[in-house]
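A.B. asks: Please find one structure pasted underneath; my questions will follow.
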DNA sequence: CGTCTTAAGTAAAGACGTCTTAGAAACCCG
DNA sequence: CGGGTTTCTAAGACGTCTTTACTTAAGACG
């Protein structure tokens, strides 16, 4: 009798971005029902994705391209326009028969805030537009902060970037070291002494903006897939800075692993009689190719012997890669880390060894290259998290 | 003017099973539009899958379980019932308050025909029901047939099995050696001298029944995933018979690879100074652990030395697995092949080596087991292909 | 033994989204 | 200037799910 016509309290999903499209792929193989309005959000992001990847086009072209009918496209575009995500930029230049088309373009009315927590001495971050172009940057020195203090620095840096963003922020994307589950909880990050830290939740709560957190190298693999790759749907990124890690994309999807620990290749045994490692074993890959270890090894080697050290390191990685590349039929490998270590003999040896140890079908189409100079890979990876979860655009 | 009201020729998709649900995942990253009726087929297979995995249940339970509303479920069940896929088996036994529920059960009104082309001397096949239970078997000796002659034998065997099937056949599933793309074309199969053979198409054309072809070990991995596994969404099957091959499931999905050659691990170099291999390299994994090679090696070794040979072979496989398991964070490995080779020292050495060469997070939850006795794995894998493409049930 | 409560299932109407059909607008071409 | 072409929108049809209300059937309870 209090509220006669109000239908009780609407059970609205708790946190949800303005334009959120996918429910961020929580937990693996759950079949979900399809309501009739799901097709709307699907088609909406189909239109958005088409515009995103192919640039401005007319409604008719969108219709042909997407398989939807013209009226539907018109309705979707109108909706996207009223959300401020696209604009009608008027008639196309040049003359053709028929009524001239009005082009529709993705509106850069939104920004992304992205964070890279992979460095050992500082956290860096940036404000990006939808294209991944940097609009602003900020960083914050870590100063040895650990645990909760480090978390506080993440929040501070995020706040700073949010203040910097000229437009509405669609979401926050973070690439962090450690093992991170699909809810954006850092299960374990040794360097930062984090454990079971629900970082995405913290960020979302604090700023009221959807946040997504992924492993730094994993999101770098996403960045390569979407921003730096040719056509490959299967690729691997290997980083040799601050420990050896990898990120894998298989069939266009990031590999998470059964315990969200995919890509942890640093402590694979390479030589059972090798040096002892902090992990308690001997001859780990990490001892041979991690930047710090490799630098130390180079430093205590005479000038003349250094190329051989680099080559030996590259061979070790190549030998580890060979089974992975073969098993997954993966053609594209990207190495990152300090350029002076990654490029040159090391890269050459990795490539040669991987080629020599795999069958022609694999080795022939294999590309191993360095993106060592690409400092923004992890930031772009954070953007990938946001763009796919919020706009379904990637 | 010929046909006034008929809307021209309807562009019906050419081949399509009676109840087909997914369009068989042709080519990877193609965004598709969502029509309103797509939700119908989705929800239909959601209901079917629930019944398939959880056994008979009432419409109300289906509604709670699926998140759909009761009226929708009623409508879907009615539709499935008129298709002969489910039956109402009357009220549940035992008494509870409220109106007694009528249970709905999947009807075994359909059969599957599955073929295993992996043996070198014969093709085997079976008729299965929806549960994967064998209803009938047949096989056909290969007699050295190659190329088109071997293809003809496949068709003969399929015809024989179709004649054997007591009920309507939902589809044909084939596990074949070689590299097979996502249209069911055998791109290359050395033993059978097949190349660019559109086997699925041939079968579909000949019998008018949807057919699916996959690599033998790959589909075996599907079989393990759906019929022999616990909960793992990431697993690997390694076969050491007739060459060394693997099938990988990552995130619940079969890994195909960029050139559909995923799992080809036989010619990874294990020992750069090893024996020469037919592939032109030296020290391939195949030379150490393939059944034929391993048997030969055992035969020319004195009784006392044989365990050491088995152990050495196991170690080699373990060393190859370690990088793969680490990179993918994979916990479950299944070995198949001749039981007397796979089990015992070999399996022990594989496990020990893989454990010793991976970090605790991986090695602790790692299970490596043998399904060497399980002769029907590839047949079941063929069933997986049909069940997921036609019913969306897996 | 009759009434209440609980649960299962169905029927009718409403909401949402796409498609079909039809038409208006704007341009080129001859 | 009229016909052809292309773009885009308007109105209604259709399919699918949901909401709401009702019927059916059993146990619980006094």
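Residue numbers (the UniProt record's numbering), protein chains in the order written: chain A, 1 to 394; chain B, 1 to 394. In this text, a Cβ means the ideal position worked out from N, Cα and C, and glycines have one as well.
1. Could you check if residue 109 of chain A belongs to the surroundings of the ligand ZN, using beta carbon to heavy atom distance under 7 Å?
2. For a contact defined as C-beta to C-beta under 9 Å, what are the partners of residue 395 of chain B on chain A?
3. Give a yes or no on whether the C-beta atoms belonging to residue 315 of chain A and residue 364 of chain A are separated by under 8 Å.
4. Ends of the alpha helix (DSSP H) at residue 166 of chain B?
5. Could you check whether residue 357 of chain A and residue 319 of chain A sit closer than 8 Å to each other, using their CB atoms as the reference points?
6. Name the two residues that bound the continuous beta strand (DSSP E) containing residue 214 of chain A.
7. How about residue 174 of chain A and residue 213 of chain A: do their beta carbons lie closer than 8 Å?
8. 8 Å is my cut-off, CB to CB: does residue 384 of chain A come that close to chain B?
9. Taking Cβ-Cβ distances shorter than 7 Å, what residues in chain B pair up with residue 95 of chain A?
10. Determine the direct distance from the alpha carbon of residue 198 of chain A to that of residue 71 of chain B, and round the result to whole angstroms.
11. In angstroms with no decimal places, state the Cα-to-Cα distance between residue 240 of chain A and residue 188 of chain A.
12. Would you list the residues sitting across from residue 188 of chain A in a DSSP beta bridge?
13. Residues in its own chain within less than 8 Å of residue 367 of chain B by CB, not counting five upstream and five downstream?
14. Establish whether the CB of residue 348 of chain B and some CB of chain A are separated by less than 8 Å.
15. From the DSSP secondary-structure annotation, give me the bridge partner or partners of residue 240 of chain B.
16. Does the Cβ-Cβ distance between residue 203 of chain B and residue 172 of chain B come in under 8 Å?
17. Which residue comes first and which comes last in the alpha helix (DSSP H) that contains residue 118 of chain A?
18. Using CA atoms only, rank isn't needed, just tell me which of B/260, B/346, B/383 and B/344 is closest to residue 361 of chain A.
19. Count the other CB atoms, across all protein chains shown, that sit within 10 Å of the CB of residue 264 of chain B; report buried if there are 16 or more and exposed otherwise.
20. Can you pull out the residues from the region 318-332 of chain A whose beta carbon lies closer than 7 Å to at least one beta carbon of chain B?
21. In whole angstroms, what separates the C-alpha of residue 359 of chain B from that of residue 223 of chain B?
22. Run through the region 280-320 of chain A for me and flag every whole alpha helix (DSSP H) of 4 or more residues, listed as ranges in chain order.
23. Output yes or no for whether 8 Å exceeds the beta carbon distance between residue 141 of chain B and residue 156 of chain B.
24. Buried or exposed: where does residue 233 of chain B fall if 16 or more other Cβ atoms within 10 Å of its Cβ makes it buried?
25. To the nearest whole angstrom, what separates the beta carbons of residue 114 of chain B and residue 382 of chain B, a pair I think is in contact under 8 Å?
26. Which residues in chain A sit within 8 Å of residue 217 of chain B, going by Cβ to Cβ distance?
27. When the Cα of residue 185 of chain A is compared with those of A/161, A/151, A/163 and A/159, which residue comes out closest?
28. Kindly indicate the opening and closing residues of the beta strand (DSSP E) around residue 248 of chain B.
29. Please compile the residues from chain A whose C-beta is within a distance smaller than 7 Å of the C-beta of residue 33 of chain B.
30. How would you label residue 216 of chain A, buried or exposed, when you count the other beta carbons within 10 angstroms and need 16 or more for buried?
31. Is residue 239 of chain B close to chain A? Criterion is C-beta to C-beta, closer than 8 Å.
32. Show which residues of chain A have a CB atom less than 7 Å away from the CB atom of residue 246 of chain B.
33. Among the residues of its own chain, which have a CB less than 8 Å from the CB of residue 165 of chain B, if the five just before and after it don't count?
34. Output the distance between the C-alpha atoms of residue 87 of chain B and residue 205 of chain B, rounded to the nearest integer angstrom.
35. From A/100, A/53 and A/147, pick the residue whose C-alpha is nearest to that of residue 130 of chain A; which is it?
36. Would you tell me roughly how many angstroms separate the C-alpha atoms of residue 406 of chain B and residue 64 of chain B, rounded to the nearest one?
C.D. replies: A quick look at the data gives this:
1. With respect to the ligand ZN, the structure shown offers nothing to examine, as it has no ligands at all.
2. There is no way to answer for residue 395 of chain B, as the model of chain B reaches only from 1 to 394.
3. Cβ distance not < 8 Å, so residue 315 of chain A and residue 364 of chain A don't count as in contact.
4. Taken as a continuous stretch (DSSP letters only), residue 166 of chain B belongs to no alpha helix (DSSP H), as it is neither H nor E.
5. Taking the C-beta atoms as reference points, residue 357 of chain A is found nearer than 8 Å to residue 319 of chain A.
6. Counting along the chain, the beta strand (DSSP E) containing residue 214 of chain A begins and ends at 211-215.
7. Judged by beta-carbon spacing, residue 213 of chain A lies within the 8 Å limit of residue 174 of chain A, meaning their Cβ atoms are closer than that value.
8. No, because no Cβ of chain B sits closer than 8 Å to the Cβ of residue 384 of chain A.
9. Simply none; closest approach about 31 Å.
10. C-alpha separation (whole angstroms): 40 Å.
11. Taking the straight line joining both Cα atoms gives about 19 Å.
12. Among the bridge pairs identified by DSSP, residue 188 of chain A is matched with A/179 and A/195.
13. Closer than 8 Å at the Cβ level, and outside the excluded window around residue 367 of chain B, lie 331, 332 and 333.
14. No, residue 348 of chain B lies away from the interface with chain A (no Cβ there is under 8 Å from its Cβ).
15. According to DSSP, residue pairing for residue 240 of chain B in a beta bridge does not occur.
16. Cβ distance < 8 Å, so residue 203 of chain B and residue 172 of chain B count as in contact.
17. Run containing residue 118 of chain A: none; DSSP gives neither H nor E here.
18. Per the Cα distances, B/260.
19. When all chains shown are included, residue 264 of chain B counts as buried.
20. Within the region 318-332 of chain A, those residues whose Cβ lies closer than 7 Å to any Cβ of chain B are, in chain order, 320, 322, 323, 324, 326, 327, 328, 329, 330 and 331.
21. The alpha-carbon of residue 359 of chain B is positioned some 28 Å away from that of residue 223 of chain B.
22. You should have 285-289 and 291-299.
23. The answer is no: Cβ separation not under 8 Å.
24. Buried, since its Cβ has 16 or more Cβ neighbours within 10 Å.
25. Approximately 4 Å separates the beta-carbon atoms of residue 114 of chain B and residue 382 of chain B; this is inside 8 Å, confirming the contact.
26. Chain A residues near residue 217 of chain B: none, gap ~11 Å exceeds 8 Å.
27. Measuring from the Cα of residue 185 of chain A, the nearest candidate turns out to be A/151.
28. From DSSP, the beta strand (DSSP E) with residue 248 of chain B extends over 245-250.
29. Per Cβ cutoff of 7 Å: 43, 46, 66, 67 and 68.
30. Counting Cβ neighbours within 10 Å, residue 216 of chain A comes out buried, since at least 16 surround it.
31. Closer than 8 Å: no.
32. Those are 327, listed as they occur along chain A.
33. Counting only residues of its own chain and dropping the five nearest sequence neighbours on each side, residue 165 of chain B has a CB closer than 8 Å to the CB of 111, 113, 127, 135 and 136.
34. If you take the alpha carbons of residue 87 of chain B and residue 205 of chain B, they lie about 31 Å apart.
35. Taking the Cα of residue 130 of chain A as reference, the smallest distance to any Cα among A/100, A/53 and A/147 is reached at A/53.
36. Outside the displayed range of chain B (1 to 394) lies residue 406 of chain B, so it cannot be described from this structure.
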